[in-house]
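Counting from 1002, one number per residue, gives the positions in the sequence shown under the working numbering. Reviewing the structure listed below.
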Amino acid sequence: MRLRIPVVLAALALSLTAPVTASAAPTATVPGAATAGATEGATGAGRPGDIVDVAPSAFHPLPGQPTGTKAWKIHYRSTTADGLPDTVSGTVIVPQDGRTGPRPLVTYAVGTVGMGDSCAPSNNLPYGTAMEANLIQQLTLRGWAVVVTDYEGLGTPGVHTYTVGPSAGRAMLDAARAATRLPGTGLAADTPVGIMGYSQGGQASGWAAELQGSYAPELNVKGTATGGVPADLLKVADFNNGSYGSGLIFMAAAGQDAAFPELRLDSYLNPAGKALVAGMRENCVAIDAIAGSFKRISDLTTRNPLEQPDWQARLNQSRLGRTAPAAPVYQYHALGDELIPYAVGRQLRSEWCAKGANVEWQTIWAGEHVSGVITHSVAAGNWLADRFADRPTHADC
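Here's what the structure looks like:
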């Protein structure tokens, strides 16, 4: 089913302002949930994508809103940026529409929700307080199953490795593996898979697209729809320094430090910087963005870590554009994006094209960062529908 542009934008906008509610959302397991680890012996826990435990969950775009779906919260095996095994949580959602044949699966990565465990999508989807839930519902209304990763350290022990691209990409691919291995979903190993995400989710989906050919070649990936991609973190940091989005710089620094403790972020922070970052590690994006806005790196540090070779090396490990995605890509970016420079998105497109990738590029001419994910969600979904139907692509490199 192809959906057209008349969408309830007010409801979508509400989902994108949900972090204030989500930061206070209950974090207890949904009633009737299995004890953690209870299914480990049945599902195995050795390979990336193997399920560690599963519990009944629910999917509500708004509080109490019915969706005609069945949902499970899962913990599954994945791999860190340094190649070590870890466990990530997520949510599998399957429409209960009477369909008996195969259905596509979308592995979906949300944009920035924050770093506190209460911000994790799996802790909010059951209560109607999750960001992007109305965008996810657009996919389930097409009859597609969706798996939403929580990313490394978000809703699981440790600090969320925010903006560490290789970890996020693997978490997306392993979420797809886990969904196809979960009994009761009707999904199989050869299920057609789409990759989708915007903003932080754009970085994650871009990394999933680049890694899939080597990390998860068995997945039947049909294409990746990715938007507002922070493909070059150093350029994004320079763009946001002292601006409305400067809090994202300090969140990203905390995420990189969580993945690579040898970076010793706290050794660069002054007392105000330490207090800000400590709060960011515990809160959701609405609080973090306000607390960190219009600050310069020099306001909160004794010296700039981003000028140090070890920090630059780690940040460049998350830079996209070095590997051509194996499957087609639909990439979109708002010309007036005030958080992720339009030029960063265009550069990624150029680099993928130069390496022979199949890329269709779309400029969002009117709007900015947040509105881009809302107004372009239907077009991105329609592009994935064409991939699932094996229609020809329209690459424009």
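Yeah, the Cβ is synthetic: ideal placement off N, Cα and C, and Gly gets one too.
Candidates the options, of which the one nearest residue i by Cα
i     : options                       : result
I1094 : S1079, A1072 and G1243        : A1072
Y1163 : M1132, G1117 and D1191        : G1117
R1265 : A1255, A1273 and K1236        : A1255
A1226 : G1069, Q1363, G1322 and E1133 : Q1363
A1049 : A1217, T1376 and W1353        : For the record, residue 1049 in the displayed sequence is Pro; it is not Ala. Measuring from the Cα of P1049, the nearest candidate turns out to be A1217.
H1370 : E1352, A1335 and A1355        : A1335
W1366 : L1349, D1391, G1337 and T1394 : G1337
P1272 : N1125, T1303 and R1171        : T1303
D1191 : M1197, G1198, D1258 and A1177 : A1177
S1079 : L1126, D1175, Q1097 and E1352 : D1175
M1281 : A1134, R1104, D1098 and H1161 : H1161
N1305 : E1339, L1270, A1121 and Q1332 : L1270
Q1066 : A1287, G1099 and N1135        : N1135
G1170 : V1286, E1211, Y1331 and P1062 : E1211
Cutoff 6 Å; reference residue i; Cβ partners in own chain excluding five residues on either side
i     : result
A1425 : No information on residue 1425 is available, as it lies outside the stretch 1002 to 1398 that the chain covers here.
Q1201 : G1112 and T1113
G1203 : T1227, G1228, G1229 and V1230
L1321 : G1207, A1232 and L1349
I1006 : Note on I1006: pLDDT 33, under 50, position unreliable in the model; no value is reported.
Y1245 : S1294
M1173 : T1108, A1110, T1150, A1205 and A1209
Buried/exposed call for residue i, threshold 16 Cβ in 10 Å
i     : result
W1384 : buried
F1295 : exposed
A1381 : buried
A1023 : Unreliable positioning characterises A1023 in this predicted model, as indicated by a pLDDT of 35, which lies under 50. The coordinate reading is nonetheless provided below. Flag for A1023 reads buried.
R1143 : buried
T1101 : exposed
P1086 : exposed
S1247 : buried
A1355 : exposed
Nonlocal neighbours in the same chain, by C-beta distance under 7 Å from residue i, ignoring five residues either side
i     : result
R1388 : G1195, K1223, G1224 and P1329
D1311 : L1264
Integer Cβ distance of residue i from residue j, believed to fall under 8 Å
i     : j     : result
G1055 : L1183 : A small fix is needed here, since residue 1055 is Val in this sequence, not Gly. Going by Cβ atoms, the distance from V1055 to L1183 rounds to 7 Å, so yes, they are a contact pair.
L1316 : L1235 : 5 Å
V1053 : Y1077 : 6 Å
Same chain only: Cβ atoms within 8 Å of residue i, ignoring 5 sequence neighbours per side
i     : result
G1357 : A1325
S1123 : S1058, K1074, S1090, G1091, T1092, V1149, D1151 and G1156
- Message: So within the region 1099–1157, which uninterrupted alpha helix (DSSP H) runs reach at least 4 residues, ignoring any that extend past its ends?
- Response: Within the region 1099–1157, the runs of alpha helix (DSSP H) at least 4 residues long that lie entirely inside it are, in chain order, 1122–1125 and 1134–1141.
- Item | beta strand (DSSP E) runs wholly inside the region 1250–1336, at least 3 long, in chain order | Complete beta strand (DSSP E) runs here, min 3: 1330–1335.
- Message: Give the list of continuous beta strand (DSSP E) stretches no shorter than 3 residues that lie fully inside the region 1189–1217.
- Response: As summarised for the region 1189–1217, the continuous beta strand (DSSP E) elements at least 3 residues long and confined to that stretch are 1193–1199, given in chain order.
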